[in-house]
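Asks: I have a structure here, written as structure tokens, and I will follow up with some questions on it.
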Amino acid sequence: MQPKDTTNTTTPKRIAITGATGLIGTALSEAFAADGHIIHRVSRSQPTKDTDIFWQPMGNEIDADALEGVDVVIHLAGENLFGRWSDKKKTAIMESRRQGTTLLAKSLAALKNPPEVFVSTSAVGFYGNTHAQIVDEDSPAGDTFLAEVCREWEAASEPAREAGIRTVNPRLGVVLTNKGGALKMMLTPFKFGLGGRISDGSQYMSWITLDDVVRALQYIVATPELNGPVNVTSPEPVSNKEFTKVLGGVLNRPTPFPLPGPLIKLGAGQMGEEMLLHGQRSVPTALEEAGFSFAYPQLEAALRHALD
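Just so you know, we're using my numbering here: the sequence shown kicks off at -9 and counts up by one.
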């Protein structure tokens, strides 16, 4: 049977979301629900509502029957990246994404009434450490651990694409919100005037506000020409040095204390090196060519909004 058509956004849709209680998932669920859509939380917890769908990705379990007739599936779930990367942690980071995505993609491909679109997130870590080089969706993968994770993560969605389901892999950047994530962790030292650049500050940060992430994901669902990788980042990435300067200005605080690179490597190991000392200067070519307009394309306005 042919997948459903979700281009008519005025008709209520059934939208299944993994990671629906996370930072992005909560905001996205609220936005879709406000537009009249029906949200199905795909969760490892036992269902408490008729709309909930059970899965246990690491056990290869999912209530596939409950996915029949769902219009849209959005996959956000995955092991948290923060924390020292022991071998066990790295395995959890990789397998939670690879196994979860494979289970979803194969389950959707086998449905009698598959969804029209499968949105399976990834990250700009796909590009590795790009230094000052600008990268977009046509750029090659990097050679870091996070790049390997992203390659495997995206490849795991292929069974859905091969079954004729439009499959999109949004590559997310650093999400700016005071509700959690990287910005919230930065706020305490910066508010006390103890903030500063990380190492020499030359590494680029591909950032985006939470509001624009939600808007971009909604746009992806409603835009049939968007397929494959899509960078979900602001069109104006900045260096860590510039980010530090702007954040200090918005908070009206000095930023005199740089965090030395060797100290980060000593304290946080590979996680610190790849997530804090590496960077990506990615631009959202696919989104902009498809007509998407960012509400907060510039960093200062974005930070003021995120901290409001």
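Quick reminder that beta carbons are idealized off the backbone N, C-alpha and C, glycines included.
The alpha helix (DSSP H) with alanine 276 in it runs from where to where?
Replies: Unbroken alpha helix (DSSP H) run through alanine 276: 275 to 279.
Asks: With C-beta atoms as the reference, is alanine 99 less than 8 Å away from proline 149?
Replies: Yes. Within cutoff.
Asks: Compare the Cα-Cα distances from glutamate 290 to each of Leu237, Gly171 and Gln270 and report the closest residue.
Replies: Per the Cα distances, Leu237.
Asks: As an exercise, report each continuous beta strand (DSSP E) stretch of at least 3 residues that is fully enclosed by the stretch 182 to 253, in chain order.
Replies: The stretch 182 to 253 contains these whole beta strand (DSSP E) runs: 197 to 199 and 218 to 222.
Asks: On the CB-based measure, 16 or more other CB atoms within 10 Å of its CB, does phenylalanine 182 come out buried or exposed?
Replies: The residue in question, phenylalanine 182, is exposed, as its Cβ has fewer than 16 Cβ neighbours within 10 Å.
Asks: What residues match up with glutamine 46 in a beta bridge as DSSP calls it?
Replies: Glutamine 46 pairs with Glu51.
Asks: Proline 227 and arginine 271: beta carbons closer than 8 Å?
Replies: For proline 227 and arginine 271, yes; Cβs fall inside 8 Å.
Asks: According to DSSP, simplified to helix, strand and coil, what is leucine 173?
Replies: If DSSP states are grouped into helix, strand and coil, leucine 173 belongs with the helices.
Asks: Using the beta-carbon count (16 or more within 10 Å), is threonine 11 buried or exposed?
Replies: Under this definition threonine 11 is an exposed residue.
Asks: To the nearest angstrom, how far is it from the Cα of glutamine 288 to the Cα of glycine 218?
Replies: Whole-angstrom Cα-Cα distance: 26 Å.
Asks: Locate the beta strand (DSSP E) running through arginine 4, then write down its first and last residues.
Replies: Segment 4 to 8, the beta strand (DSSP E) holding arginine 4.
Asks: Could you please give me the residues that DSSP links to phenylalanine 108 through a beta bridge?
Replies: BP columns for phenylalanine 108 point to Val63 and Thr157.
Asks: With distances taken between CB atoms, is the gap from proline 126 to valine 273 smaller than 8 Å?
Replies: According to the sequence displayed, residue 126 carries aspartate and not proline. Result yes, Cβ atoms of aspartate 126 and valine 273 sit closer than 8 Å.
Asks: Residue range of the alpha helix (DSSP H) that histidine 27 falls in?
Replies: Looking at the DSSP string, histidine 27 is not in any alpha helix (DSSP H), and its letter there is neither H nor E.
Asks: Could you tell me the alpha carbon to alpha carbon distance between leucine 136 and histidine 30, rounded to whole angstroms?
Replies: Roughly 29 Å between the two C-alpha positions.
Asks: Verify whether the separation of the beta carbon atoms of aspartate 201 and alanine 285 is less than 8 Å.
Replies: Contact flag set, yes.
Asks: Among Thr111, Val139, Thr38 and Pro105, which one has its Cα closest to the Cα of glutamate 85?
Replies: Ranking the options by Cα distance to glutamate 85, first place goes to Val139.
Asks: Report yes if the C-beta distance between alanine 296 and threonine 199 is below 8 Å; otherwise report no.
Replies: Cβ atoms of alanine 296 and threonine 199: closer than 8 Å.
Asks: Using CA atoms only, rank isn't needed, just tell me which of Lys78, Ala54, His65 and Gly132 is closest to proline 104.
Replies: Closest by alpha carbon: Ala54.
Asks: Could you pull the start and end residues of the beta strand (DSSP E) that valine 164 belongs to?
Replies: First-last of the beta strand (DSSP E) with valine 164: 164 to 166.
Asks: Please confirm whether alanine 56 and glutamine 208 have their CB atoms less than 8 Å apart.
Replies: No, the pair does not count as a contact, with Cβ atoms beyond the cut-off.
Asks: Could you tell me the alpha carbon to alpha carbon distance between glycine 9 and glycine 239, rounded to whole angstroms?
Replies: Distance between the alpha carbons of glycine 9 and glycine 239 is about 34 Å.
Asks: For serine 19, name the three-state secondary structure that DSSP assigns.
Replies: DSSP places serine 19 in helix when its eight states are reduced to three.
Asks: Which class does alanine 131 belong to by DSSP, given the choice of helix, strand or coil?
Replies: The answer is coil: DSSP assigns alanine 131 none of H, G, I, E or B.
Asks: The alpha helix (DSSP H) that contains proline 37, what's its start and end?
Replies: First-last for proline 37: undefined, no H or E at that position.
Asks: Can you tell me which of the three DSSP states arginine 74 falls into?
Replies: Residue state, collapsed to three classes: coil.
Asks: Taking leucine 94 as the reference, give the member of Ser229, Pro130 and Ile52 with the closest Cα.
Replies: It is Ile52 whose Cα lies nearest to the Cα of leucine 94.
Asks: Does DSSP classify serine 299 as helix, strand or coil?
Replies: Residue 299 is absent from the model: the chain starts at -9 and stops at 298.
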